[in-house]
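**Q** Counting from 1, position 81 in the sequence shown corresponds to residue 81 in full-length UniProt numbering; the numbering is continuous, with no gaps. Think of the CB as a built atom: it goes at the ideal place given N, C-alpha and C, for glycine as much as any other residue.
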Amino acid sequence: MSTGTRTVVRGGLVVTAADEMHADVLIEGGRIAALAAHDSDTAAGWIADTVIDATGKYVIPGGVDGHTHMQMPFGGTTASDTFETGTRAAAWGGTTTIVDFAIQSVGASLRAGLDDWHAKADAQCAVDYGFHMIVADVNDKTLAEMDTLVEEGVTSFKMFMAYPGVFYSDDGQILRAMQRASGNGGLVMMHAENGIAIDVLVQQALAAGRTDPRYHGEVRHALLEAEATHRAIQLARVAGSPLYVVHVSAEQAVAELAAARDLGLPVFGETCPQYLFLSTDNLAEPDFEGAKYVCSTPLRPREHQAALWRGLRTDDLQVVSTDHCPFCFSGQKEMGRGDFSKIPNGMPGVEHRMDLLHQAVVDGQITRRRWIDIACAAPARMFGLYPRKGTIAPGADADVVVYDPHAEQTVSASTHHMNVDYSAYEGRKLTGRVETVLSRGVPVIEGRTFVGRAGHGQYTPRGICQYL
Ligand SMILES: [Zn+2]
Numbered sequence: 001m002s003t004g005t006r007t008v009v010r011g012g013l014v015v016t017a018a019d020e021m022h023a024d025v026l027i028e029g030g031r032i033a034a035l036a037a038h039d040s041d042t043a044a045g046w047i048a049d050t051v052i053d054a055t056g057k058y059v060i061p062g063g064v065d066g067h068t069h070m071q072m073p074f075g076g077t078t079a080s081d082t083f084e085t086g087t088r089a090a091a092w093g094g095t096t097t098i099v100d101f102a103i104q105s106v107g108a109s110l111r112a113g114l115d116d117w118h119a120k121a122d123a124q125c126a127v128d129y130g131f132h133m134i135v136a137d138v139n140d141k142t143l144a145e146m147d148t149l150v151e152e153g154v155t156s157f158k159m160f161m162a163y164p165g166v167f168y169s170d171d172g173q174i175l176r177a178m179q180r181a182s183g184n185g186g187l188v189m190m191h192a193e194n195g196i197a198i199d200v201l202v203q204q205a206l207a208a209g210r211t212d213p214r215y216h217g218e219v220r221h222a223l224l225e226a227e228a229t230h231r232a233i234q235l236a237r238v239a240g241s242p243l244y245v246v247h248v249s250a251e252q253a254v255a256e257l258a259a260a261r262d263l264g265l266p267v268f269g270e271t272c273p274q275y276l277f278l279s280t281d282n283l284a285e286p287d288f289e290g291a292k293y294v295c296s297t298p299l300r301p302r303e304h305q306a307a308l309w310r311g312l313r314t315d316d317l318q319v320v321s322t323d324h325c326p327f328c329f330s331g332q333k334e335m336g337r338g339d340f341s342k343i344p345n346g347m348p349g350v351e352h353r354m355d356l357l358h359q360a361v362v363d364g365q366i367t368r369r370r371w372i373d374i375a376c377a378a379p380a381r382m383f384g385l386y387p388r389k390g391t392i393a394p395g396a397d398a399d400v401v402v403y404d405p406h407a408e409q410t411v412s413a414s415t416h417h418m419n420v421d422y423s424a425y426e427g428r429k430l431t432g433r434v435e436t437v438l439s440r441g442v443p444v445i446e447g448r449t450f451v452g453r454a455g456h457g458q459y460t461p462r463g464i465c466q467y468l
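As C-alpha cells, this is what we get:
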C-alpha cells in the first residue's frame, strides 16, 4: 500500500485503554488520520480506496506482546516458532507488535547477541518487532554497552535470578546493571526466582525418584518466586532504578509488588495467560502430558489466579505478555521423559493472548478498556512505543484490529497457526475472534485469511519506559 492510500473502517465501536467511541476511523499513509462519529458530516465526507465494514464489531489497537522468544536456543533445542511463523501466528491473534529477547552469550558482547537476533528476524516478520536484551555476563564492557543500546532503541535489559550456569546473575551483578540502568534510562526486567535454592530442590527430587512433570512445579516453590521478587525490589531501591518483573505467577510475588507500589516505587509486573487460565492441575496430567505446561516461573495451584486477576484490576500488575516459547511435545518436550529438569521450559501462546483476555471481559474479570490497556497500551508505554503503538489516535501507526466480540471459536492445535504440535488450551471454547488485522494500514489478516508477508514487519527502535 503506497503512501496516500486511504482506508476507512466504518461502523465499529472503537475501544482504547482510555475510551469507547462509536466512530469511523480514517487511515492514511499507514497512520491513523482521524476519527469521527458514524454518520457525521466529517465521516461521510471521507473518500477512501478501501472501506472496511466493522458494524457490530470492535475496532481495537493491534496487540503489543512484550515478551516472546522466537527460535530461541534453550536446553539443547530451539523454540519451534521462527520469526516468520511466530509473527504470522501473532497476526492471526490480533497482535501487531512483538518485543523479543536478544541474548548475550557468556564471554561475548551485547552487540554480538543483538546482531544475531537481527539476522534471525530481518526480512522474516509479518508484523513489527523490537528487541529487549538479555544480559548474561555483567562486566565493565557490558555495562558500557548498555548505554549505547538504550540510545539505539534497545531500552530494556532482562536478567535472571534463576538458571545458574546459563543466564544467572548474582546479586552483585544485578546491582551493577541496575545502577547502570538508573543512569541511562534503561529498564531492568527480572526473572525473579531463587535459582540456587531451586537447583538444590531439583536434585533432591530427582534423587528421590520424583521425575514427573508435576515436580517441576513443586520444586519451583512460590516462596522462592516471592523471595526473589522481594530481593529484586530491594536491589532496585538501593540502585535507584525501576524494575519490571516478568511472568509473575505466585500470589506472594504479587503481594511483594503491591507493597512496593504502595511505597510509590517504580516497580512493575507482568503476568501471562498461562498463569491466569491454567494451573498445576495441567502439570499433573498423566502420560507425561504435563510436560506441555512446563515453563518458568511454573504454573501454580489455581488458588493463585484470583490474586493475579485482582492485581490486573488494581494495577499492581500492568501488563499481560505471553512469554511465547514453544517446544513441540514430540521430540522436544519428550527430552525430559524420566527427568523433569530436562523438559525445555516454555509454552506457546502468542496467537491466543488477545482472545483469552477478551474471554476475561466476557467472564467479568476485567473491563473492555482494561483488556486493551493490559494487552496494548500498557506494554506500549512500558517499552517506549506509545502512542505510535497501543492506541487508536491521530498520528498512531494504523495497527488496527476489527474484532468480532460474538464469534465463537474452539482453540486447537489442528487449527492454530503457531509452529507447534499441541495447544495448551486444546478444546477451550472462547467468545470473540479477530476478523481483520491491519499493520501500518496494510492488510495482514482479511476475512480470516492471511494476506500478509514475511518482511512486511519492521524493526522498531524504542524509547525509554514511559511510566517513569
Ligand atoms: Zn521469557
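Under a Cβ-count criterion, where at least 16 other Cβ atoms within 10 Å of its own Cβ denotes burial, should D262 be classed as buried or exposed?
**A** Numbered from 1 along the sequence shown, position 262 holds the residue referred to as residue 262. Classification for D262: exposed.
**Q** Does the beta-carbon distance from G62 to T97 come in below 8 Å?
**A** Your numbering for residue 62 matches position 62 in the sequence shown. Your numbering for residue 97 matches position 97 in the sequence shown. Cβ atoms of G62 and T97: closer than 8 Å.
**Q** Of the choices V59, W46, T155, N139, whose alpha-carbon is the least far from that of G390?
**A** To locate residue 390, count along the sequence shown from 1; it is residue 390. The residue with the shortest Cα to Cα distance from G390 is V59.
**Q** Just the C-alpha distance for residue 480 and F327, rounded to the nearest angstrom, thanks.
**A** An answer regarding residue 480 cannot be provided, because it is not within the stretch 1 to 468 covered by the chain.
**Q** Using DSSP with H/G/I as helix, E/B as strand and the rest coil, what is P443?
**A** Counted from its first residue, the sequence shown places residue 443 at position 443. P443 falls in the strand class under three-state DSSP.
**Q** Note the first and the last residue of the continuous alpha helix (DSSP H) segment covering D355.
**A** Mapped onto the sequence shown, residue 355 falls at position 355. Segment 353-362, the alpha helix (DSSP H) holding D355.
**Q** Less than 8 Å separating the beta-carbons of residue 478 and I233?
**A** Here the chain has residues from 1 to 468 only, and residue 478 is not among them.
**Q** Give the straight-line distance between the Cα atoms of T3 and G441, rounded to the nearest whole angstrom.
**A** Translated into positions along the sequence shown, residue 3 becomes position 3. Translated into positions along the sequence shown, residue 441 becomes position 441. Low confidence applies to T3: its pLDDT is 49, below 50, so where it sits in the model is not reliable, and the reading given next is rough at best. So the alpha carbons of these two residues sit roughly 10 Å apart.
**Q** Counting pairs of beta carbons, one from the segment 406-418 and one from the segment 374-394, are three or more of them closer than 8 Å?
**A** No, they do not touch.
**Q** Does DSSP put Y215 in a helix, in a strand, or in coil?
**A** On the sequence shown, residue 215 is found 215 positions in, with the first residue counted as 1. Here Y215 sits in helix by DSSP.
**Q** Can you name, in chain order, every residue of its own chain whose Cβ lies under 7 Å from the Cβ of M178, other than the five neighbours on each side?
**A** Taking the sequence shown and counting its residues from 1, the one referred to as residue 178 is at position 178. Closer than 7 Å at Cβ, skipping near neighbours: V188, L235, A236, A239, S241.
**Q** Report the rounded CA-to-CA distance for D39 versus L312, giving the unit in angstroms.
**A** Taking the sequence shown and counting its residues from 1, the one referred to as residue 39 is at position 39. Taking the sequence shown and counting its residues from 1, the one referred to as residue 312 is at position 312. Going from the Cα of D39 to the Cα of L312 covers about 36 Å.
**Q** DSSP on G311, reduced to helix/strand/coil?
**A** As a first step, residue 311 must be located in the sequence shown, where it is residue number 311. Here G311 sits in helix by DSSP.
**Q** Are the CB atoms of K14 and I52 nearer to each other than 8 Å?
**A** On the sequence shown, position 14 is the one that residue 14 refers to. On the sequence shown, position 52 is the one that residue 52 refers to. Sequence inspection shows Val at residue 14; the Lys mentioned does not correspond to that position. Result no, Cβ atoms of V14 and I52 do not sit closer than 8 Å.
**Q** Please confirm if T391 has its CB atom under 8 Å from at least one CB of chain D.
**A** Looking at the structure shown, chain D is missing, and only one protein chain is on hand.
**Q** How is G269 classed by DSSP in three states: helix, strand or coil?
**A** For the purposes of this step, residue 269 is identified with residue 269 of the sequence shown, where counting begins at 1. DSSP places G269 in strand when its eight states are reduced to three.
**Q** Going straight from the alpha carbon of R453 to that of L265, what length do you get?
**A** Along the sequence shown, one-based indexing puts residue 453 at 453. Along the sequence shown, one-based indexing puts residue 265 at 265. Approximately 43 Å, taken between the alpha carbons.
**Q** Among the candidates A37, H67, G29, N194, whose CA atom is the shortest distance from the CA of D49?
**A** Here residue 49 is taken as the residue at index 49 of the sequence shown, counted from 1. Ranking A37, H67, G29, N194 by Cα distance to D49 puts G29 first.
**Q** Per DSSP, what kind of secondary structure is F277 in: helix, strand or coil?
**A** Reading the sequence shown from its first residue, position 277 is the one you call residue 277. F277 falls in the helix class under three-state DSSP.
**Q** Can you tell me which of G56, A37, H67 puts its alpha carbon nearest to the alpha carbon of E270?
**A** Against the sequence shown, residue 270 aligns to sequence position 270. Checking every option, the nearest Cα to that of E270 belongs to H67.
**Q** Which residue or residues does DSSP assign as beta-bridge partners of D49?
**A** Translated into the one-based positions of the sequence shown, residue 49 becomes position 49. DSSP, once it has assigned bridges, lists no residue as partnering D49.
**Q** With DSSP as the reference, please indicate the residues paired to L263 in a beta bridge.
**A** In the sequence shown, counting from the first residue as 1, residue 263 sits at position 263. Its beta-bridge partners do not exist; DSSP assigns none.
**Q** Between the C-alpha atoms of P73 and I366, what's the straight-line distance to the nearest angstrom?
**A** Taking the sequence shown and counting its residues from 1, one reaches residue 73 at position 73. Taking the sequence shown and counting its residues from 1, one reaches residue 366 at position 366. When rounded, the distance between both Cα atoms is 35 Å.
**Q** CA-CA distance, F450 and V350?
**A** Translated into the one-based positions of the sequence shown, residue 450 becomes position 450. Translated into the one-based positions of the sequence shown, residue 350 becomes position 350. Each residue's alpha carbon lies about 16 Å from the other.
**Q** Where do the N-terminal and C-terminal ends of the alpha helix (DSSP H) with E225 fall, by residue?
**A** Your numbering for residue 225 matches position 225 in the sequence shown. That run of the alpha helix (DSSP H) goes 222-239.
**Q** Are the Cβ atoms of V254 and A307 separated by less than 8 Å?
**A** Reading the sequence shown from its first residue, position 254 is the one you call residue 254. Reading the sequence shown from its first residue, position 307 is the one you call residue 307. Contact: yes.
**Q** Measure the Cβ-Cβ separation of C325 and A136 and say whether it is below 8 Å.
**A** By 1-based counting over the sequence shown, the position of residue 325 is 325. By 1-based counting over the sequence shown, the position of residue 136 is 136. No.
**Q** Would you mind giving the Cβ-Cβ distance between M347 and C295, rounded to the nearest angstrom? I have them listed as a contact below 8 Å.
**A** Here the question's residue 347 lines up with position 347 in the sequence shown. Here the question's residue 295 lines up with position 295 in the sequence shown. About 5 Å separates the two Cβ atoms, so the contact holds.
**Q** Can we say the segment 120-140 touches the segment 88-108, given the rule of at least three CB pairs closer than 8 Å?
**A** Touching, yes, given that three or more Cβ pairs across the two stretches are closer than 8 Å.
**Q** In terms of residue numbering, what span does the alpha helix (DSSP H) encompassing E408 cover?
**A** Along the sequence shown, one-based indexing puts residue 408 at 408. Per DSSP, E408 belongs to no alpha helix (DSSP H); it is in the beta strand (DSSP E), 400-410.
**Q** Hey, could you find the ends of the alpha helix (DSSP H) F101 is sitting in?
**A** For the purposes of this step, residue 101 is taken as the residue at position 101 of the sequence shown. That residue, F101, is in no alpha helix (DSSP H); its beta strand (DSSP E) goes 95-103.
**Q** Checking 8 Å against the spacing of the C-beta atoms, do Q124 and F83 come in under that value?
**A** Looking up residue 124 in the sequence shown gives position 124. Looking up residue 83 in the sequence shown gives position 83. In contact: Q124 and F83 (Cβ atoms closer than 8 Å).
**Q** Check whether the segment 147-159 and the segment 208-220 are in contact - that is, three or more C-beta pairs closer than 8 Å.
**A** No, the segment 147-159 is not in contact with the segment 208-220.
**Q** Look at the alpha carbon of D171 and the alpha carbon of A181, and state the distance between them as a whole number of angstroms.
**A** Start at 1 with the first residue of the sequence shown, and residue 171 comes out as number 171. Start at 1 with the first residue of the sequence shown, and residue 181 comes out as number 181. Answer to the nearest angstrom: the Cα atoms are 15 Å apart.
**Q** Just the C-alpha distance for D140 and D116, rounded to the nearest angstrom, thanks.
**A** For this step, residue 140 is matched to residue 140 along the sequence shown. For this step, residue 116 is matched to residue 116 along the sequence shown. Answer to the nearest angstrom: the Cα atoms are 22 Å apart.
**Q** Looking at I392 and V402, is the spacing between their C-beta atoms short of 8 Å?
**A** To locate residue 402, count along the sequence shown from 1; it is residue 402. To locate residue 392, count along the sequence shown from 1; it is residue 392. No, the pair does not count as a contact, with Cβ atoms beyond the cut-off.
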